[in-house]
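Undergrad:
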Amino acid sequence: MVIAIDGPSASGKSTVARLVAEALGFLHVDTGAMYRAVAWKMLGDGVDSADAAAVVRRLDTLRMDLDFSAENDGPRTLRLRLDGADPGGDLRSPRVERAVSAFAAIPEVRTWCVARQRELASRGDLVVEGRDIGTVVFPDTPYKFFLDARPEVRARRRAAERESAGELAAVAHVARDMTERDRLDRSRTVAPLRVAEDACRLDTSNLDARGVADLVLRHVRSRHAATAS
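So that you can map any letter, position 69 of the sequence shown is 71 in my numbering, and since no number is skipped, the others follow by simple counting.
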């Protein structure tokens, strides 16, 4: 079984996906981490996202190792290394956050990452979060969700995340960066951010993560029971 959870940044996808995976004993996959890891590696190697040919050449030699491990009794979550290096907390850095959409918009990058995402389905039941899971990666799953929240709520959440990581983050600056990220994600020609026609859409603005996860779980169990009967 694959549960697809899509939505823009800071809509609550990651926390909700982890809670759902933990409740069901499923593997948790953050596909955004793959794109951020590629951006992190390209930036570290001095490869410009504007030079798509150079990005593709680097992809041809890039090795991404994927594994699952659990922390603090949580779900088994995807861990990745690129050419043997662990990006760690750098994946959530403002530098990578600003660059990831440009790299992710390159068709060859998406094809490269999507192939690896689909391969993970052979490892067990998954809760997969991203921006194109229900529309591109696993379009046939009947368990699709799209999370969203008001822009100001999302900006406050992301600013709080950065501050908890020891970074200064003015909400206004975060909101500006987020608006640009949304524009890039929704306007790219390959796999843009959009709601799947058969997705259950949830506004998380006034809900905590546990409440959203409970809604997802109820929907999944109801849909599964209806399918099994």
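Backbone N, C-alpha and C define an ideal beta-carbon position, used for all residues, glycine too.
1) In three-state DSSP terms, what is arginine 100?
2) Start and end of the beta strand (DSSP E) containing alanine 193?
3) Between alanine 198 and threonine 137, what straight-line distance do the alpha-carbon atoms span, to the nearest angstrom?
4) Quick check on valine 49: does DSSP put it in helix, strand or coil?
5) Is the separation between the beta-carbon of threonine 63 and that of histidine 30 shorter than 8 Å?
6) Taking DSSP as the reference, what is the three-state secondary structure of serine 13?
7) Hey, how far is the Cα of alanine 190 from the Cα of alanine 107?
8) Pick from Leu84, Asn74 and Asp69: whose alpha carbon is nearest that of leucine 61?
9) Nearest CA to the CA of leucine 21: which residue from Gly34, Pro77, Gly46 and Asp69?
10) With respect to the beta strand (DSSP E) encompassing serine 95, which residues constitute its N-terminal and C-terminal limits?
11) Please list the segments of the beta strand (DSSP E) lying wholly inside the region 139-225, counting only runs of 3 or more residues, in order along the chain.
12) Assign leucine 170 to buried or exposed, taking buried as 16 or more other Cβ atoms, counted over all protein chains shown, within 10 Å of its Cβ.
13) Would you call the region 157-166 and the region 104-122 touching, i.e. three or more CB-CB distances under 8 Å?
14) Just to confirm the assignment, what range does the beta strand (DSSP E) spanning glutamate 110 have?
15) Report yes if the C-beta distance between glycine 132 and threonine 33 is below 8 Å; otherwise report no.
16) Strictly by DSSP, which residues pair up with methionine 66?
17) Over what stretch of residues does the beta strand (DSSP E) that includes glutamate 73 continue unbroken?
18) Near aspartate 134, which residues of its chain fall below 6 Å by C-beta distance, leaving aside the five closest residues on each side in sequence?
19) According to the Cβ coordinates, are valine 130 and alanine 6 closer than 8 Å?
20) Provide the residue(s) that pair with glycine 132 in DSSP beta bridges, ordered along the chain.
21) Can you tell me which of Ala101, Leu26 and Ser95 puts its alpha carbon nearest to the alpha carbon of glycine 168?
22) Please classify aspartate 150 as buried or exposed, where buried requires at least 16 neighbouring CB atoms within 10 angstroms.
TA: Taking the structure as given:
1) By 1-based counting over the sequence shown, the position of residue 100 is 98. Correct three-state label for arginine 100: helix.
2) Position 191 of the sequence shown, counted from the first residue, corresponds to residue 193. Where alanine 193 is concerned, there is no enclosing beta strand (DSSP E), given that its DSSP letter is neither H nor E.
3) As a working note, residue 198 is residue 196 in the sequence shown. As a working note, residue 137 is residue 135 in the sequence shown. So the alpha carbons of these two residues sit roughly 5 Å apart.
4) Your numbering for residue 49 matches position 47 in the sequence shown. DSSP places valine 49 outside both helix and strand once states are collapsed to three, so it counts as coil.
5) Counting from one through the sequence shown, the residue named residue 63 turns up at place 61. Counting from one through the sequence shown, the residue named residue 30 turns up at place 28. No, the Cβ-Cβ distance between threonine 63 and histidine 30 is not below 8 Å.
6) As a working note, residue 13 is residue 11 in the sequence shown. Looking at serine 13 - three-state DSSP - the assignment turns out to be coil, as it is neither helix nor strand.
7) Here residue 190 corresponds to residue number 188 of the sequence shown, with the count starting at 1. Here residue 107 corresponds to residue number 105 of the sequence shown, with the count starting at 1. Per the sequence shown, the amino acid found at residue 190 is arginine instead of alanine. So the two alpha carbons sit approximately 6 Å from each other.
8) Mapped onto the sequence shown, residue 61 falls at position 59. Ranking Leu84, Asn74 and Asp69 by CA distance to the CA of leucine 61 puts Leu84 first.
9) If you number the sequence shown from 1, residue 21 lands on position 19. The residue from Gly34, Pro77, Gly46 and Asp69 with its alpha-carbon nearest to that of leucine 21 is Pro77.
10) As a working note, residue 95 is residue 93 in the sequence shown. Neither: serine 95 is in no beta strand (DSSP E) and is coded neither H nor E.
11) List check, beta strand (DSSP E) in window: 145-150 and 202-205.
12) Indexing the sequence shown from 1 puts residue 170 at position 168. Looking at its Cβ environment, which holds fewer than 16 other Cβ atoms inside 10 Å, leucine 170 is exposed.
13) No, the region 157-166 does not touch the region 104-122.
14) Indexing the sequence shown from 1 puts residue 110 at position 108. Note, glutamate 110: premise wrong, no beta strand (DSSP E); alpha helix (DSSP H) at 109-121.
15) By 1-based counting over the sequence shown, the position of residue 132 is 130. By 1-based counting over the sequence shown, the position of residue 33 is 31. Yes, the pair counts as a contact, with Cβ atoms nearer than the cut-off.
16) Here residue 66 refers to the residue found at position 64 when the sequence shown is read from its first residue. Answer is Leu84.
17) As a first step, residue 73 is located in the sequence shown; it is residue number 71 there, counting from the start. Taken as a continuous stretch (DSSP letters only), glutamate 73 belongs to no beta strand (DSSP E), as it is neither H nor E.
18) Counting from 1 along the sequence shown, the entry for residue 134 is found at position 132. Answer for aspartate 134: Ala193, listed in chain order.
19) Start at 1 with the first residue of the sequence shown, and residue 130 comes out as number 128. Start at 1 with the first residue of the sequence shown, and residue 6 comes out as number 4. Yes; because the gap between Cβ atoms is below 8 Å, this pair is in contact.
20) On the sequence shown, residue 132 is found 130 positions in, with the first residue counted as 1. In the DSSP output, where bridge partners are listed per residue, glycine 132 has Asp8.
21) To locate residue 168, count along the sequence shown from 1; it is residue 166. When C-alpha distances from glycine 168 are compared across Ala101, Leu26 and Ser95, the shortest belongs to Ser95.
22) On the sequence shown, residue 150 is found 148 positions in, with the first residue counted as 1. Label assigned to aspartate 150: buried.
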